[in-house]
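The structure under discussion appears below in the form of structure tokens.
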Amino acid sequence: MKDFLKINPADNVAVAINPLSKGTVVTVDGAGDVTLVSDIPAGHKFALRDIAEGENVVKYGFPIGHTRHAVARGAFLDHNDIKTNLAGQLDYSDISIDNRNCPAPGSALKGEEATFMGYERADGQVGIRNELWVIPTVGCVNGIVKQIVDRVNAETGAMGVDGIFGFPHNYGCSQLGDDHENTKKILRDMVHHPNAGGILVVGLGCENNQPKVFEEFCGDYDRDRVKFMVCQEVEGDEVEAGVKMLMDLYEKARTYTRTPVKASKLRIGLKCGGSDGFSGITANPLLGEFSDWLCDQEGGTTVLTEVPEMFGAETILMRRCADDRLLGETISLINNFKEYFLSHGEPVGENPSPGNKAGGISTLEEKALGCTQKSGKSPVFGVLEYGERIHEHGLNLLSAPGNDLVASTALAAAGCQMVLFTTGRGTPFGTFVPTMKISTNSGLARRKPTWIDFNAGELVEDKSMDEVLGNFINYVLKVASGEGVNSEKAGIHEIAIFKNGVTL
């Protein structure tokens, strides 16, 4: 196992795989023998040559910012030494599509396609879970929802289904404009999600998100799997009425069975959080390889989000767009989110969190160049607004912020049956679909075995990408077939809805 890595021949920094001590001499391709003049923590960078003040620091073959002061050959660099190059909106008029080297969907299948055991729904979608969900239209009925869920869980033990869950939230009333529409869209998307074998929507009756209007907003839904209840219209005990309706859905859901399904029916969300210096070396490239593999299953779909974490690497995605229309939509995706930041008086380049910085990420460009590796090399075939559902196969880009639960909820709402979540620092959360945690380093996997589901840190421990990818694909298919991930085992099922405007 190597103690350091120079990722791209053009880089003027390398990354420590293991902690390196001051005075150590390392031999680096293209740089020769480099004597370290500082201690270098694992995941952090050191200079391969003298870098002048204001000169670009290059990692992954791209600038990740410029130096705040001169940096000596062999010296440690972190966020105190590097400043972002990012500014405001750009017109990207010099960007042209160049996807000639992108793999075409189905180009490497050779007549073989993977399968998993899933639930085929009447509308043609496929679920990887058969759960019962109770969804409030407004936060005022969160307590009612909890009572209904607790009662049915106590009476049934959830036998014959994959779980019974309520999804409390604070919204549905006292909202205006886009915030109100966002709430409606996310809840509507949940109503149509195939991971639920039965859904009870519980409204109050006087909220902004009027239950009858919301039902119409949902459009053509599966009436065998979805029921609505308005508490103010119930004579007597609304909990008893809700329990009866959910029990009816439960009995129906128990009749659904898993059947063999082609992997091309999978819709997988790609997300990272608590990133570190290994994210762009291990776990994110692994997801990129997986994304290309799934998109190669003709009809397979992956979705990349966290638009602020594309800033600095967005042109890579732009050049991979399948056509000019998608290029224009991707440019709008980026600039609209930049405008969101600027309209609130916030800079566009201040994204790395304290945990990111402690883990070896110094600027948003560095974070973005690692983050976007989750998308692999496939062309971009779809660009989605927040709350919009997938309508194109292959790689999609989705408008959502970097916040872990908000972005993961948006991925699930878009129609993803599972979210793959890479992390170098660790997190226990899970959204309303299975949320698989992939560690960037083996130390985290050892420390947090009840959080981490798969360890990509093996990629810097002399295991090949082909070997790790094969194991990962098999594990994803097992989870799609019913094996629970750690957040599910811990009973963690949450949603968070994007909020931008005022609360009345």
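Position one of the sequence shown corresponds to residue 57 (my numbering), numbered consecutively onward. All C-beta atoms in this analysis are idealised placements derived from N, C-alpha and C, irrespective of residue type, glycine included.
Item to complete: Out of D280, L326 and K78, point me to the one whose CA is closest to L302's CA.
Response: Here residue 302 is taken as the residue at index 246 of the sequence shown, counted from 1. Selected option, being the one with the closest Cα: D280.
Worksheet item: Which of helix, strand or coil does DSSP assign to Q473?
Response: Position 417 of the sequence shown, counted from the start, is the residue given in the question as residue 473. Looking at Q473 - three-state DSSP - the assignment turns out to be coil, as it is neither helix nor strand.
Worksheet item: At what residues does the beta strand (DSSP E) containing A103 begin and finish?
Response: The count along the sequence shown starts at 1 and reaches residue 103 at position 47. Where A103 is concerned, the enclosing beta strand (DSSP E) stretches over K101 to A103.
Discussion item. So for Y29, helix, strand or coil by DSSP?
Written reply: The structure shown has nothing for residue 29, since the chain only spans 57 to 560.
Item to complete: State the beta-bridge partners of H122 as determined by DSSP.
Response: Translated into positions along the sequence shown, residue 122 becomes position 66. DSSP, once it has assigned bridges, lists N112 and K139 as partnering H122.
Discussion item. I need the DSSP call for P57, collapsed to helix, strand or coil.
Written reply: The residue labelled residue 57 in the question sits at position 1 within the sequence shown. Per the sequence shown, the amino acid found at residue 57 is Met instead of Pro. Three-state result, M57: coil.
Discussion item. Between which two residues does the beta strand (DSSP E) holding N157 run?
Written reply: Along the sequence shown, read from residue 1 onward, the residue named residue 157 stands at position 101. First-last for N157: undefined, no H or E at that position.
Practice prompt. Write down the C-beta distance between E109 and H125 rounded to the nearest angstrom, noting that I regard them as a contact closer than 8 Å.
Written response: Taking the first residue of the sequence shown as position 1, residue 109 is located at position 53. Taking the first residue of the sequence shown as position 1, residue 125 is located at position 69. Between E109 and H125 a beta carbon distance of about 5 Å is seen, short of the 8 Å cut, so the two are scored as contacting.
Worksheet item: Unbroken beta strand (DSSP E) runs of length 3 or more, entirely within the stretch 480-541: which are they?
Response: 491-495
Discussion item. Helix, strand or coil, according to DSSP, for P75 in the structure here?
Written reply: Residue numbering aside, residue 75 sits at position 19 when the sequence shown is read from its first letter. Coil at P75, not helix or strand.
Practice prompt. Taking only the alpha-carbon atoms, compute the straight-line gap between G526 and L342 and give it to the nearest angstrom.
Written response: Residue numbering aside, residue 526 sits at position 470 when the sequence shown is read from its first letter. Residue numbering aside, residue 342 sits at position 286 when the sequence shown is read from its first letter. In a straight line, the C-alpha of G526 is about 10 Å away from that of L342.
Worksheet item: Going by other Cβ atoms of all chains shown within 10 Å of its Cβ, with 16 needed for buried, is D245 buried or exposed?
Response: Within the sequence shown, the letter at position 189 stands for residue 245. Per the 10 Å Cβ criterion, buried.
Item to complete: With DSSP as the reference, label K300 as helix, strand or coil.
Response: Here residue 300 refers to the residue found at position 244 when the sequence shown is read from its first residue. Here K300 sits in helix by DSSP.
Fill in: Paired residues, beta bridge with V257 - DSSP
Taking the first residue of the sequence shown as position 1, residue 257 is located at position 201. DSSP output for V257 lists I191 and F284 as bridge partner(s).
Worksheet item: Does DSSP classify P316 as helix, strand or coil?
Response: Locating residue 316 in the sequence shown gives position 260, counting from the first residue. Correct three-state label for P316: strand.
Worksheet item: With DSSP run on the structure shown, which of helix, strand or coil describes K327?
Response: The residue given as residue 327 occupies position 271 in the sequence shown. DSSP places K327 in strand when its eight states are reduced to three.
Practice prompt. Give me the Cα-Cα distance between A512 and F270, rounded to the nearest whole angstrom.
Written response: Taking the first residue of the sequence shown as 1, we reach residue 512 at position 456. Taking the first residue of the sequence shown as 1, we reach residue 270 at position 214. Rounded to the nearest angstrom, the two C-alpha atoms are 42 Å apart.
Worksheet entry | Endpoints, alpha helix (DSSP H) assigned at I273 | For the purposes of this step, residue 273 is identified with residue 217 of the sequence shown, where counting begins at 1. Before going on, a small fix: residue 273 reads as Phe here, not Ile. Looking at the DSSP string, the run of the alpha helix (DSSP H) that includes F273 is P267 to F273.
Worksheet item: Going by beta carbon distance, what residues of the same chain come within less than 7 Å of S347, once the five residues before and after it are set aside?
Response: In the sequence shown, counting from the first residue as 1, residue 347 sits at position 291. Closer than 7 Å at Cβ, skipping near neighbours: L326, T358, K430, S431, G432, S434 and L451.
Fill in: Continuous alpha helix (DSSP H) stretch holding D89: start and end
Stepping through the sequence shown from its first residue, residue 89 is reached at position 33. Careful: D89 lies outside any alpha helix (DSSP H), inside the beta strand (DSSP E) at G88 to T91.
Practice prompt. From the DSSP output, in three-state form, read off V295 for me.
Written response: Numbered from 1 along the sequence shown, position 239 holds the residue referred to as residue 295. Looking at V295 - three-state DSSP - the assignment turns out to be helix.
Item to complete: Please classify C262: is it buried, with 16 or more other beta-carbons within 10 angstroms of its beta-carbon, or exposed?
Response: Stepping through the sequence shown from its first residue, residue 262 is reached at position 206. With fewer than 16 other Cβ atoms within 10 Å, it is exposed.
Discussion item. Here's the rule I'm using: 16 or more other beta-carbon atoms within 10 Å means buried, otherwise exposed. How should A470 be labelled?
Written reply: Counting from 1 along the sequence shown, the entry for residue 470 is found at position 414. Classification for A470: buried.
Practice prompt. State the DSSP-derived secondary structure class of A309, mapped to helix, strand or coil.
Written response: Your numbering for residue 309 matches position 253 in the sequence shown. A309 falls in the helix class under three-state DSSP.
Item to complete: Please report how far the alpha carbon of D352 lies from the alpha carbon of P159, in whole angstroms.
Response: Here residue 352 is taken as the residue at index 296 of the sequence shown, counted from 1. Here residue 159 is taken as the residue at index 103 of the sequence shown, counted from 1. Taking the straight line from one Cα to the other gives about 8 Å.
Worksheet entry | L425 versus D206 - alpha carbon distance | Here residue 425 refers to the residue found at position 369 when the sequence shown is read from its first residue. Here residue 206 refers to the residue found at position 150 when the sequence shown is read from its first residue. Their backbone Cα atoms lie some 44 Å apart in a straight line.
Worksheet item: So the alpha helix (DSSP H) N391 belongs to, where does it begin and stop?
Response: By one-based count along the sequence shown, residue 391 stands at place 335. Its alpha helix (DSSP H) spans residues D380 to S399.
Item to complete: Using 10 angstroms around the beta-carbon of K300, count the other beta-carbons present and answer buried if the total reaches 16, otherwise exposed.
Response: Within the sequence shown, the letter at position 244 stands for residue 300. With fewer than 16 other Cβ atoms within 10 Å, it is exposed.
Worksheet item: Under three-state DSSP, which class holds F437?
Response: In the sequence shown, counting from the first residue as 1, residue 437 sits at position 381. Secondary structure at F437: strand, using DSSP grouped into helix, strand and coil.
Discussion item. Using C-beta distances below 6 Å, list every residue in its chain close to G405, excluding the 5 sequence neighbours before and after it, in chain order.
Written reply: Here residue 405 is taken as the residue at index 349 of the sequence shown, counted from 1. Once the five neighbours on either side are set aside, the close Cβ partners of G405 are T140, L142 and L420.
Discussion item. Helix, strand or coil for L232? Go by DSSP, reduced to three states.
Written reply: Translated into the one-based positions of the sequence shown, residue 232 becomes position 176. It is coil, neither helix nor strand.
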